Amino acid sequence: MSAQIPEVLFENDEFLVLNKPSGWHSVMGKGDERGEHSVEAWLRQRDSEAEHLPEAGLIHRLDRGTSGCLIVAKTFEASDILQEQLRNGGIDKRYLAVTEGRLNHRKGEFVLHFNSRYKGSKKVKVTKDGDHTVRGRCRWWKLEDFDPGPKRTVVEVDLRGPGRRHQVRAGLAFLGAPLVGDPLYGGPEGDRVMLHAWWISVEGRRIEAPVPESFGPHVS
Numbered sequence: 169m170s171a172q173i174p175e176v177l178f179e180n181d182e183f184l185v186l187n188k189p190s191g192w193h194s195v196m197g198k199g200d201e202r203g204e205h206s207v208e209a210w211l212r213q214r215d216s217e218a219e220h221l222p223e224a225g226l227i228h229r230l231d232r233g234t235s236g237c238l239i240v241a242k243t244f245e246a247s248d249i250l251q252e253q254l255r256n257g258g259i260d261k262r263y264l265a266v267t268e269g270r271l272n273h274r275k276g277e278f279v280l281h282f283n284s285r286y287k288g289s290k291k292v293k294v295t296k297d298g299d300h301t302v303r304g305r306c307r308w309w310k311l312e313d314f315d316p317g318p319k320r321t322v323v324e325v326d327l328r329g330p331g332r333r334h335q336v337r338a339g340l341a342f343l344g345a346p347l348v349g350d351p352l353y354g355g356p357e358g359d360r361v362m363l364h365a366w367w368i369s370v371e372g373r374r375i376e377a378p379v380p381e382s383f384g385p386h387v388s
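Sequential numbering of the sequence shown, starting at 169, is according to this note's numbering.
So, in structure tokens, the structure goes:
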């Protein structure tokens with residue numbers, strides 16, 4: 169079973185890495201007013217020093233339905249360094265996804281552009297061409313096809329750079345393989361969006377979030 173609250177996977181004097189549960193927002197906002205959970209609020213309750221950091225030190229965000237590794241700075245200096253590493257490719261981020269439909273090749277990559285249709289839009293528009301400020305790149309590998317049974321695939325995704333909003337979800341849907349549990353982008357209904365931030369590599373350390381049981385025995 170996935171953790172019901174964030175779990176600390178790694179911590180030192182500069183930063184920590186959390187395992188964010190599916191169903192939690194990354195930052196505080198309207199969700200908290202509805203009584204829903206956010207990692208930012210949890211961090212502020214956990215450590216009074218986090219009150220002084222933007223978004224309680226969060227270096228990046230994960231969608232509400234996505235579980236897994238989330239990096240949090242503990243100081244302003246660490247925040248600046250980690251943000252720079254994220255922009256310049258010094259932090260590796262790997263995801264696991266379960267897709268509906270089959271990707272045509274065993275591996276591949278995409279460079280696409282991700283635009284919000286309007287402020288507050290739930291969905292992003294994906295195009296092949298666009299401005300570099302909204303460009304996102306991913307490499308991917310098929311780990312396993314479900315056969316016989318539903319045409320579904322377990323995919324490992326390497327998200328390059330800081331990432332764009334809904335980059336993995338919208339990008340794979342653009343390729344014809346939307347995520348299970350992600351009807352916003354054409355996937356079938358499910359208990360959760362089948363996307364998990366599996367591991368990250370920061371300053372030479374690989375930190376892994378256990379794969380949720382809902383992903384089944386197909387990944388270890």
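For each residue, glycine too, the CB sits at the ideal point set by N, CA and C. Here the structure is a predicted model, which means the values were calculated and not measured.
Inside the region 318-363, DSSP marks whole alpha helix (DSSP H) runs of 4 or more residues at positions 335-342, from first to last along the chain. In this structure, the straight-line span from the alpha carbon of Y263 to that of G372 is close to 18 Å. For H334, same chain residues with a beta-carbon under 6 Å away, outside a window of 5 residues either side, are V292 in chain order. Taking each of N180, E179, S284 and P174 in turn and checking the Cα distance to S190, the smallest one comes out for P174. Here L264 carries a strand assignment [DSSP, helix/strand/coil]. Counting of Cβ neighbours within 10 angstroms places N180 among the exposed residues, the total staying below 16. Under a 10 Å Cβ-count criterion, P380 is classified as buried, with 16 or more other Cβ atoms of the shown protein chains found around its own Cβ.
Put simply, of K290, F383, D297 and V266 the residue whose alpha carbon is nearest the alpha carbon of F278 is D297. DSSP places R307 within a strand segment (E or B) once states are collapsed to three. DSSP places V207 in the helix class (H, G or I) of the three-state scheme.
Contact check between the region 355-369 and the region 229-240: three or more CB pairs, one atom from each, fall below 8 Å, which counts as touching. Ranked by Cα distance from D248, the options D299, R214 and G225 are led by G225. Beta-carbon to beta-carbon, G344 and V294 are separated by about 12 Å, too far to satisfy the 8 Å threshold. In this chain, I173 is not harboured by any alpha helix (DSSP H), its DSSP state being neither H nor E. Runs of alpha helix (DSSP H) with 4 or more residues, each lying fully within the region 215-287, are found at 244-255, listed in chain order. Separation of E182 and N272 (C-alpha to C-alpha, rounded to the nearest whole angstrom) is 42 Å.
Rounded to whole angstroms, the separation of the alpha carbons of W192 and V207 is 7 Å. In the DSSP annotation of this structure, the continuous segment of the beta strand (DSSP E) that includes V292 starts and ends at V292 to T295. Around the beta carbon of G355, 16 or more other beta carbons sit within 10 angstroms, so the residue counts as buried. Under the criterion of beta carbons closer than 8 Å, R274 and K242 do not qualify as touching, at roughly 40 Å. The beta-carbon separation of S194 and L230, rounded to 6 Å, stays under the 8 Å limit for a contact.
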